[in-house]
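So the protein lines, in turn, are chains A and B.
The first sequence lines up with residues 3 to 483 when you count with the working numbering.
The second sequence lines up with residues 49 to 252 when you count with the working numbering.
Just below is one structure, and these are the notes that go with it.
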Amino acid sequence: MTTELATLPNLMPALPEILLAVGAMVLLMLGAFGGSKTSQVVNGLAVAVLIIAGAILLLSSGGTVTTFNDAFIQDPFARLMKVLVLIGSGFSLAMSVGYTQEEKFDRFEYPVLVLLATVGMMLMLSANDMIAVYLGLELQSLTLYVLSSFKRDSAKATEAGLKYFVLGALSSGMLLYGMSLVYGFTGQTSFVGIAEAVHVEGAGIGVIFGLVFILAGLTFKISAVPFHMWTPDVYEGAPTPVTAFLAAAPKVAAMGLIVRVVMTAFDPMDLQWQQVITFVSILSMVLGAFAAIGQRNIKRLMAYSSISHMGYALVGLAAGSSAGVVGVIVYLITYLAMTLGTFAAIMSMRRRDGMVERIDDLAGLSRNDLPMAVLLGVLMFSLAGIPWMGGFIGKWFVFSAAIEAGLYPLAIIGVLASVVGAFYYLRIVKIMFFDDPAPVFERPANELRLVLVISGLFMASMVFYVSPIRTVAELAANSFF
Amino acid sequence: MILQSVFFYLFSAVLLVSALMVIGARNPVHSVLFLILAFFNAAALFVLLGAEFLAMLLVVVYVGAVAVLFLFIVMMLDVDFVELRAGFLTYMPVGLVVGVVLLAELLIALGGWALSPDLAANLGEPMPTLAEASNIEAIGALLYTKYVFYFQTAALILFVAMIGAIVLTLHHRRDVQRQNIERQVARNAENSIEIVNVEPGNGI
């Protein structure tokens, strides 16, 4: 074989990912040699790296570029979702500053691992090949397993990490099994190649089996029913900043990945995947709504809430239309903002003797801390989907897409489930405003208050900038149509 | 050619015998040592086939890491292997069935290559012949060009695994004495030894 110089692949589309990976390594060195006192500096620098990566994404040109032999794709959809992921990671890191100091959690590995998880999520969103999907997903999941048990002296956190790891490994196994079936029956791993093969040869039973296994593995990552069992335990056991991170960015990334997989690789099999997505979506909405009613711990409540929200987002995907994808994107934007805001409020629930996380601890908050009660109330109204809050707009987009596509039963079940879900969100509002006050919380850190204010105001006023958000989402959704 | 056959039968025979001894040896430490011998012979067979990369990989990964790990576990855990082997005869039929199924699957998979020789032409990346390039060259030429993205991402995953293992297990305990080489070197007789003049009968 003649030795010839290999040409360097085009690295520009992957510049944000490379920046984050190199940044994580540099910060790790900084932390390892700087000692434990540098953890706040590392945290601040990690947020700065995330912001720079976001700026690069926003400034890069709007077209579709592929690189690394088509394994990596950068299109408007990937760019928008990556910006959302970066916002989620950045805000979670910023919110953790106060908590880490109070709870003796300030270790420089935390921001480094968050950066690496973000790299994994961005690779997932840019994956254009099954191998790239798996590698991105594993990079993200492995980091999340470690983060869940980051407070290694706490039995609950260790249990959470172990549970997440075992079930996550099982789901990765299913995903790989599905991928190997698809590869065996189409002979392709690239999304374009799979779509072509299915288009030419039709959807055989083997490919359908593969599709179902792949979707099972992917829906585990967004904790949709019936692959949701880990969610409440992990959310409750993991340290609260980690829970905030888990609930925000990885959900957006995994949902974006599902959209890309079904819209490109399995585009010719829309009848088949629509059934699966519809089924998962109905189960998630209904179980999320009913199981949350009995919860007394607010982190568990948020776990069931996120299960049902992923169900609503899947309603848009089940429609399989351009309007449906726009709905998914708008829903994810509102979900991200609501989740970050609510977790900022949960992290503010601190008394002198430590963090509290029971819902009853919020009793009478309006008399102790009116601004926090009002902002959290807005977020609860928004999560419940009360008009004209942000959450309502997200639901409006996905349900109208479902109705346009003729999925009336799905839309009706969704609306009914959201009525049931409204009960427990509004119960929190009732507890905050009408119950006898519980002991006062400590003054929350400024960054928590800031995130709560931003997210509350955004949700309350989203109705005024629906049209620019819709334009951006349509631009992103056009990547597939 | 005769030499090659001789070595082939030598390595295969040792491989089979040591594989049998892995499940036959009474002492579990001997089992692991026989396993290592089996790995070495399998590696030698790979070398005979001209697959030197696989051979080195087998030695480095399986002997260097996996078997040594086994050895540590076997020596550290107090497992009563005689008791474990008690139901050997009752489990034997099931074991035999599993073995036969595995053998049949191997025959079917390998028979496919014999039945339709054009299968080899369908490979995504056909392997160059040994005259053209050695194994390592052929793998390297693909791994660092076409698949460099996957290679680097896999490296990042290993990086996370490393950080994770350290974060979750390394405890900096205050009550454990750690070696401080600078302090040890800087010590001298003047500041470490104190000469006390003890009066008889009084103690210190």
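Glycine included, C-beta positions come from ideal geometry on N, C-alpha and C.
What you are looking at is a predicted structure, and each value in this text was computed from that prediction instead of being measured.
Next on the checklist: Within 10 Å of its beta-carbon, does A:His311 have 16 or more other beta-carbons around it, so buried, or fewer, so exposed?
Outcome noted: buried
Checklist entry - Can we say the stretch 252 to 269 of chain A touches the stretch 198 to 217 of chain A, given the rule of at least three CB pairs closer than 8 Å? => result Contact between the stretch 252 to 269 of chain A and the stretch 198 to 217 of chain A is present, because at least three Cβ pairs lie under 8 Å.
Checklist entry - Would you call the CB atoms of A:Val135 and A:Val263 closer than 8 Å? => result yes
Item to check | Residues within the stretch 143 to 157 of chain A neighbouring chain B, beta-carbon criterion of under 8 Å | outcome: Leu144, Thr145, Tyr147, Val148, Ser151, Phe152, Arg154
Checklist entry - By the criterion of Cβ-Cβ separation under 7 Å, what are the contact partners of A:Asn71 in chain B? => result Lys194
Checklist entry - List, in order along the chain, the chain B residues whose C-beta lies closer than 7 Å to that of A:Gly195? => result Those do not exist, as A:Gly195 stays about 10 Å from chain B at its closest Cβ, beyond 7 Å.
Item to check | Inter-residue CB distance, A:Ala240 and A:Met349 (contact presumed, cutoff 8 Å) | outcome: Not confirmed; about 13 Å, so no contact.
Next on the checklist: Taking 6 Å as the limit between beta carbons, can you name the residues of its chain near A:Ser283, skipping five residues before and five after?
Outcome noted: Gly313, Leu316, Val317, Ala320
Next on the checklist: Residues of chain B with CB closer than 8 Å to the CB of A:Leu125, please, in chain order.
Outcome noted: Thr201
Next on the checklist: Closest to A:Gly408 by C-alpha separation, out of A:Ser323, A:Ala73, A:Gln190, A:Thr233, would be which residue?
Outcome noted: A:Ser323
Next on the checklist: In this structure, how does DSSP classify A:Asn299 when only helix, strand and coil are distinguished?
Outcome noted: strand
Checklist entry - Alpha carbon to alpha carbon, how far is B:Leu83 from B:Ala209? => result Straight-line Cα distance between these residues: approximately 28 Å.
Next on the checklist: Check this for me: beta carbons of A:Leu377 and A:Val465, under 8 Å apart or not?
Outcome noted: no
Checklist entry - Out of A:Ala119, A:Val227, A:Met126, A:Asp235, which has the shortest C-alpha to C-alpha gap to A:Lys165? => result A:Asp235
Next on the checklist: Tell me the DSSP secondary structure of B:Arg221 in three-state form.
Outcome noted: coil
Checklist entry - Roughly how many angstroms separate the alpha carbons of A:Met374 and A:Leu367, rounded to a whole number? => result 8 Å
Checklist entry - With 16 as the cutoff for other CB atoms within 10 Å, does A:Val417 come out buried or exposed? => result A:Val417 is exposed by the Cβ-count criterion.
Checklist entry - Does DSSP put A:Ser307 in a helix, in a strand, or in coil? => result helix
Next on the checklist: Considering just the uninterrupted stretch of the alpha helix (DSSP H) at B:Val62, what are its terminal residues?
Outcome noted: 50 to 72
Checklist entry - In its own chain, which residues sit with a C-beta less than 7 Å from the C-beta of A:Phe70, not counting the 5 before and 5 after it? => result The beta carbon of A:Phe70 sits closer than 7 Å to the beta carbons of Pro11 from its chain, once the five residues preceding and following it are set aside; these are given in chain order.
Item to check | Whole-Å CB distance - A:Ile335 paired with A:Leu86, under 8 Å assumed | outcome: 7 Å
Checklist entry - Of all Cβ atoms in chain B, is any one closer than 8 Å to the Cβ of A:Ile54? => result no
Item to check | A:Phe247: contacting residues in chain B (beta-carbon distance under 7 Å) | outcome: Within chain B, no residue comes near A:Phe247; the closest Cβ sits about 15 Å away, beyond 7 Å.
Next on the checklist: On the DSSP letters alone, give me the boundaries of the beta strand (DSSP E) that A:Ile388 sits inside.
Outcome noted: Run containing A:Ile388: none; DSSP gives neither H nor E here.
Item to check | DSSP beta-bridge partners of A:Arg353 | outcome: A:Gly356
Item to check | DSSP three-state assignment for A:Ile335, whether helix, strand or coil | outcome: helix
Next on the checklist: Using a Cβ-Cβ distance cut-off of 8 Å, determine whether A:Leu303 contacts chain B.
Outcome noted: no
Checklist entry - Any beta-carbon of chain A closer than 8 Å to the one on B:Ala209? => result yes
Checklist entry - Looking at B:Asn89 and B:Leu63, is the spacing between their C-beta atoms short of 8 Å? => result In this structure, B:Asn89 lies closer than 8 Å to B:Leu63 by Cβ.
Checklist entry - Within 8 Å (strictly less), CB to CB, does A:Ile133 reach chain B? => result yes
Next on the checklist: Please give the ranges of any alpha helix (DSSP H) in the stretch 228 to 302 of chain A, keeping only runs that are unbroken, at least 4 residues long and fully inside the region.
Outcome noted: 232 to 239, 242 to 262, 272 to 293
Next on the checklist: Can you give me the C-alpha to C-alpha distance between B:Ala61 and B:Leu191, rounded to a whole angstrom?
Outcome noted: Using only the alpha carbons, I get a separation of about 35 Å.
Item to check | CB contact check: A:Val114 to chain B, cutoff 8 Å | outcome: Cβ-Cβ to chain B under 8 Å: yes for A:Val114.
Checklist entry - Using 8 Å as the Cβ pair cut-off and three pairs as the minimum, do the stretch 121 to 141 of chain A and the stretch 159 to 179 of chain A touch? => result yes
Next on the checklist: One question on the structure: do A:Tyr147 and A:Gly163 come within less than 8 Å of each other, judged by their Cβ atoms?
Outcome noted: With contacts defined by Cβ atoms closer than 8 Å, A:Tyr147 and A:Gly163 form a contacting pair.
Next on the checklist: Using only the alpha-carbon positions, how far apart do A:Ala294 and B:Phe136 sit?
Outcome noted: 50 Å
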